[in-house]
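So the sequence lines, in the order shown, correspond to chains H and F. The first sequence lines up with residues 4 to 225 when you count with our numbering. The second sequence lines up with residues 4 to 225 when you count with our numbering.
2 protein chains.
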Amino acid sequence: MNDISGELKDIFPCWVKLTEKQRDEVNRHTDERHFKKGQFPHRGDVECTGLLMVKSGQIRAFMLSESGKEITLYRLLPWDVCLFSASCIMNDINFELHLEAEKDTVVFVVPAEIYGRLMKTSLPVSEYTRKLMASRFSDVVWIVEQVLFKRFDSRLASFLLEQMNIDNTDTLLITHDEIARHMGSAREVVTKMLNYFSNEGIVALSRGKIKIQDEKMLQGIV
Amino acid sequence: MNDISGELKDIFPCWVKLTEKQRDEVNRHTDERHFKKGQFPHRGDVECTGLLMVKSGQIRAFMLSESGKEITLYRLLPWDVCLFSASCIMNDINFELHLEAEKDTVVFVVPAEIYGRLMKTSLPVSEYTRKLMASRFSDVVWIVEQVLFKRFDSRLASFLLEQMNIDNTDTLLITHDEIARHMGSAREVVTKMLNYFSNEGIVALSRGKIKIQDEKMLQGIV
């Protein structure tokens, strides 16, 4: 087992507030895992992965309906920590979350039982966990607001701008079907709205590609 | 100031884990407040109420869009505790929640600054807060699932059954408009589906009243 305490110090915000003994335990039990783009670091229905810290790459956290419909709840970028892959240690969480690597991704995993023990014995870890949950809670409430209170054109414009920002490009390599899965919508609905955006000169569409031509108009729609 | 420590012991789950000094502080600063049906114990956009514990009555927690659309996120019944009326002490919460008394209601309010201090210094209170948040988080994720993944007939059937359960009657005194506000929907949509239920003999409709005639069929629709 390698000593990864140097990296943990950077990536795990509670590190400096742990005792020597707690640090040693986390260091000894934390695994580094590698995932290719398209692989699933966590499936909510089958496993209890533990606390997951993103070292590099990109992950989306999504919900899946019985009929196979999806919606992306939030993205995990380097330095982000995923709490709900450890939800098995929290009795009061009764939903299942799935994680998919959107790029080749490296994560640190603190096993669920180790993190569960820390959370119950360390006030800083308990406080950290509560804050992390509050922040994800806000993300999900934002989704509720979007889905219930916003028109679809505004949601789609918002999604395209976010994606530009994450990918740092104005040419998105994404299919209409993928967008529908992120947004909990249907491909036909996405295609119809993208065609409308295209007619207005806001985007240019080609196979598997969307080029943003008028960012300002997108912001106006949001 | 009355000594309400006897009641706090029953209603505040962390009470037995507090120190004498902490109990004394909570006891001295906690207020009892009375609200008539239709009043608002908390408005997310204007106040920081504090931790709110329901002694008697019934409260709904809801979100409000800029355009005045609403959706009920969960109900607070006697012995329930509302965390988000104290969200001002949690920097990582960035949404606003409103509370409306659905019956004449009595609550205890622990001021935000007192609860904030407790949370940061007491591991049991921090753990309790985290669990409470996890449980509300699950409620909101359930709403996301319903809105995105369920058909409207199933959601409406589910709402009627829940309401029967809360009110303990098969004759609901509720208008179509009120149902729409609970569900984040429009009155016309609710009316249309209720008329369909009525034609099927599942409910009987009259002014301001919905009588459930076939609970089993409702469960089937869910």
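Idealized CB from N, CA, C, for every residue including glycine. Since the model is a prediction, treat every value here as computed from it, not as a measurement.
I'd like to know whether the C-beta atoms of residue i and residue j end up nearer to each other than 8 Å.
i, j, result
"S8(F)", "L55(F)", "no"
"M186(F)", "R158(F)", "yes"
"V109(H)", "G53(H)", "no"
"R26(F)", "W18(F)", "yes"
"M66(H)", "A137(F)", "no"
"S125(H)", "V225(H)", "no"
"Q61(H)", "R78(H)", "yes"
"K212(F)", "L164(F)", "no"
"F111(H)", "K58(H)", "yes"
"V206(F)", "V143(H)", "no"
"V150(H)", "L221(F)", "no"
"R184(H)", "E73(H)", "yes"
"L86(F)", "R120(F)", "no"
"M196(H)", "D156(H)", "yes"
"T132(F)", "R63(H)", "no"
"F38(F)", "H101(F)", "no"
"E28(H)", "I117(H)", "yes"
Does any C-beta atom of chain F lie closer than 8 Å to the C-beta of residue i?
i, result
"T140(H)", "Correcting the residue identity first, residue 140(H) is Phe in this sequence and not Thr. For F140(H), the answer is yes, since a Cβ of chain F falls inside 8 Å of its Cβ."
"I7(H)", "no"
"E130(H)", "yes"
"M56(H)", "no"
"K24(H)", "no"
"L102(H)", "no"
"V143(H)", "yes"
"S68(H)", "yes"
"K20(H)", "no"
Taking 8 Å as the threshold (beta carbon to beta carbon), is residue i in contact with chain H?
i, result
"N97(F)", "yes"
"V147(F)", "yes"
"M196(F)", "no"
"L126(F)", "yes"
Am I right that residue i and residue j are in contact with their C-beta atoms under 8 Å? What's the rounded C-beta distance?
i, j, result
"D83(H)", "K40(H)", "So it is not a contact: roughly 17 Å between Cβ atoms."
"K214(F)", "D173(F)", "6 Å"
"R129(H)", "S90(F)", "Checking the sequence shown, residue 129(H) turns out to be Ser, not Arg. Not quite, the Cβ-Cβ distance comes to about 18 Å (not below 8 Å), so this is no contact."
"E99(F)", "D48(F)", "5 Å"
"S141(F)", "I96(H)", "6 Å"
"K20(H)", "P127(H)", "4 Å"
Identify the residues that DSSP records as bridge partners of residue i: which are they?
i, result
"R210(H)", "According to DSSP, R210(H) bridges with nothing at all."
"C85(F)", "L55(F)"
"E218(F)", "Answer is none; E218(F) lacks a bridge partner."
"L126(F)", "L126(F) pairs with nothing; no bridge assigned."
"R63(F)", "R78(F) and E103(F)"
"E73(H)", "L67(H)"
"T174(F)", "K214(F)"
"V226(H)", "Residue 226(H) cannot be examined here, being either before or after the span of chain H that is shown, 4 to 225."
"H32(H)", "H32(H) is not bridged to any residue."
"H185(H)", "DSSP, once it has assigned bridges, lists no residue as partnering H185(H)."
"P46(H)", "In the sequence as displayed, the identity of residue 46(H) is Arg instead of Pro. Its beta-bridge partners are H101(H)."
Which residues in chain F have a C-beta closer than 9 Å to the C-beta of residue i? List them in chain order.
i, result
"K72(H)", "L151 and F152"
Could you work out which residues of chain H lie near residue i, taking near to mean beta carbons separated by less than 9 Å?
i, result
"G211(F)", "The premise fails here: G211(F) is roughly 25 Å from chain H at the closest Cβ pair, so nothing lies under 9 Å."
"M93(F)", "R133, K134 and A137"
"K123(F)", "L126 and E130"
Under 7 Å Cβ-Cβ, which residues of chain F neighbour residue i?
i, result
"R133(H)", "S129, T132, R133 and M136"
"G187(H)", "L151"
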